[in-house]
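Visitor: Attaching a single structure in structure tokens format; questions to follow.
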Amino acid sequence: MSTAVPSQIESLRNIAIIAHVDHGKTTLVDKLLSQSGTLDRKAEGQERVMDSNDQEKERGITILAKNTAIRWQAPDADQVYHINIVDTPGHADFGGEVERVMSMVDSVLLLVDAVDGPMPQTRFVTQKAFAQGLKPIVVVNKIDRPGARPDWVIDQIFDLFDNLGASDEQLDFPIIYCSALNGIAGLDPEELADDMTPMLQSIVDIVEPPKVELDGPFQMQISALDYNSYVGVIGLGRIKRGSVKPNQQITVISTDGTTRKGKIGQVMTHMGLERVQTEQADAGDIVCITGIDNLSISDTLCDQATVEALPPLSVDEPTVSMTFQVNDSPFAGRDGKYVTSRNIKERLEQELIHNVALRVEPGETPEKFKVSGRGELHLSVLIETMRREGFELAVGRPEVIIKEVDGVKQEPYEEVIIDCEEQHQGAIMEELGYRKGELTNMNPDGKGRVRLDFMIPARGLIGFRGQFLTLTSGTGILTSRFDHYGPLKPDASIERRNGVLVSMVDGKALAYASMPCRSAAS
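Using my numbering, the letters of the sequence shown correspond one by one to residues 296 to 817.
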């Protein structure tokens, strides 16, 4: 295999930014875009420009992994580097987005909060990076926060890496300290530069150029999909071998092994927030391909003379399911444009194309569909997206997916970390005890707050997040991640403690009559 690295590959870097939720991934990408001069003037000054989806802006979270690229030239060098960056979600429910982009990059920036240290999702994303053989660059973010403790954070990260079976090379990780919000970084927490130059310099010095075969026949794998009403389906992935040009004849290998002929339309690379058409893209680069219909994630595109499939991308299985069905309530058909089971079925099948962690199965009747995902948030985002698109549907209660292993029923367990005021810890421990949670660690910070670690059946967490906000008066922080499948606990599901009011007809309701109803249902 030829791995000669000409100048255009020598100047290419592919990285993903991974972290726990709210540790500053998207803010960091903002600063890298603006300080490299890649953003246009219109986008400069906006916050979290990568979060383009409406729900992402409203919820303040990243839901979909997104690609961008910057050009950067060191102040004292002639070489101009092209750095492809993948911004990933931090919530465990969208872990499928993280898993499928790992195959596109050569290293990861692992962001960790300078106060919180490693959190549940930090462990998950690091585990996925190690599974791909990637060597993380640790970025201690929010170094300007009151109470920042970088030395403790580094010790915790080392212990985490060691627990995950990191190699000696991975344990000898480089460290960058930064405040993404203020756009400053440095190799010493006490000596930060005025901009992000130390981080960009570290990326080009530490991350190796892609190890690819430039002069071989074309081969790439689809890692993400997009859709445009003008060009149709857009496939995104990294070219593993060879090069690709517009109008090139290729072979598409599906995940089931079937092959078909195809013709490339446009070839586009990323630059800032834009996609730029190019006349040729070479191995190692992350590109967008149009012109191929019915693409799926994990499909291999290759030269017609050398038909070789790449290993399929693997994604963890779902843990929670809900029933989607036709709206049969008394007010059915009033709000939505799409109300039939055929409409719902077609929309769910369309979602399956790019939402790799989702599963859809037929329900008990033709009007019902069993939809499985990685958690309540994962499914709630889908439901809200469909509602905004004009779909009208009824959904059942979330249920965890029970497996049978060697004749023993097993259910998913989640690791839960709670940060709350000490005055609220009793109420939280009582409620999670009722939900079959087990306290595994308790760590007071000496300033009136305490960190509680629990292991709890996923069933026990359903419906708890809203109650948690009430128990902590909105001052608590709750994070969780899937940990393992374990023996089914009897009575871990939470029965409804209060009554339910169901409105069956239109009409005027007097406040006097509504008051006793409210107390009965609350």
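Ideal Cβ placement from N, Cα and C applies to all residues, glycine included. This one's a predicted model, so the numbers in the text were calculated from it and none came from an experiment.
Identify the continuous beta strand (DSSP E) that holds Phe-749 and give its terminal residues.
Guide: From DSSP, the beta strand (DSSP E) with Phe-749 extends over 744-752.
Visitor: Is the beta carbon of Phe-686 sitting closer than 8 Å to the one on Ile-639?
Guide: Yes, the pair counts as a contact, with Cβ atoms nearer than the cut-off.
Visitor: Do Ile-378 and Leu-405 count as a contact pair if the criterion is CB distance below 8 Å?
Guide: No, the Cβ-Cβ distance between Leu-405 and Ile-378 is not below 8 Å.
Visitor: From this set, Val-434, Thr-383 and Gln-416, which residue's C-alpha is nearest Val-407's C-alpha?
Guide: Comparing Cα-Cα distances from Val-407 to each of Val-434, Thr-383 and Gln-416, the minimum goes to Val-434.
Visitor: Would you mind listing the alpha helix (DSSP H) stretches within the segment 635-722 that are 4+ residues and don't spill past its ends, in chain order?
Guide: Those alpha helix (DSSP H) runs which fall completely within the segment 635-722 and span 4+ residues are 636-649 and 671-683.
Visitor: Kindly indicate which three-state DSSP category Val-448 falls into: helix, strand or coil?
Guide: Helix at Val-448.
Visitor: Can you grab the Cα-Cα spacing for the pair Ala-722 / Tyr-729, in whole Å?
Guide: So the alpha carbons of these two residues sit roughly 11 Å apart.
Visitor: By Cβ distance, which residues of its chain are closer than 7 Å to Lys-423, with the 5 residues on each side in sequence left out?
Guide: Answer for Lys-423: Val-393, Glu-394 and Met-397, listed in chain order.
Visitor: Residue range of the alpha helix (DSSP H) that Val-434 falls in?
Guide: That residue, Val-434, is in no alpha helix (DSSP H); its beta strand (DSSP E) goes 431-436.
Visitor: Does Asn-309 come out as helix, strand or coil in the three-state DSSP assignment?
Guide: In the structure shown, Asn-309 sits in a strand (DSSP, three-state: E or B).
Visitor: In whole angstroms, what is the alpha-carbon distance linking Ile-312 and Gln-496?
Guide: Near 16 Å, if we compare the C-alpha coordinates of Gln-496 and Ile-312.
Visitor: Is the segment 447-464 close to the segment 480-496, with three or more CB pairs under 8 Å?
Guide: The segment 447-464 is not in contact with the segment 480-496.
Visitor: Got a sec, what are the start and stop residues for the beta strand (DSSP E) Asp-778 sits in?
Guide: Where Asp-778 is concerned, the enclosing beta strand (DSSP E) stretches over 772-782.
Visitor: Grab me the residues of Arg-776's own chain with a C-beta within less than 6 Å of its C-beta, minus the 5 sequence neighbours each way, in chain order.
Guide: Closer than 6 Å at the Cβ level, and outside the excluded window around Arg-776, lie Ala-387, Pro-415, Gln-416, Phe-419 and Glu-710.
Visitor: So what's Thr-595 in DSSP terms, helix, strand or just coil?
Guide: In the structure shown, Thr-595 sits in a strand (DSSP, three-state: E or B).
Visitor: May I ask you to list the residues that DSSP assigns as paired with Phe-619?
Guide: Looking at the DSSP assignment, Phe-619 forms a beta bridge with Phe-664 and Val-690.
Visitor: Measuring straight from C-alpha to C-alpha, what distance separates Glu-644 and Pro-811?
Guide: Near 45 Å, if we compare the C-alpha coordinates of Pro-811 and Glu-644.
Visitor: Comparing alpha-carbon positions, which option in Pro-785, Ile-581, Leu-482 and Gln-330 lies nearest Lys-731?
Guide: When only C-alpha atoms are compared, the closest one is Pro-785.
Visitor: According to the neighbour-count rule (16 or more other Cβ atoms, all chains shown, within 10 Å of its Cβ), is Ile-713 buried or exposed?
Guide: With 16 or more other Cβ atoms within 10 Å, it is buried.
Visitor: Taking 6 Å as the limit between beta carbons, can you name the residues of its chain near Val-610, skipping five residues before and five after?
Guide: Taken in chain order, the residues that qualify are Gly-391, Glu-394, Val-651 and Ala-652.
Visitor: Kindly indicate the opening and closing residues of the alpha helix (DSSP H) around Ser-402.
Guide: It is not in any alpha helix (DSSP H) - Ser-402 instead sits in the beta strand (DSSP E) that spans 402-408.
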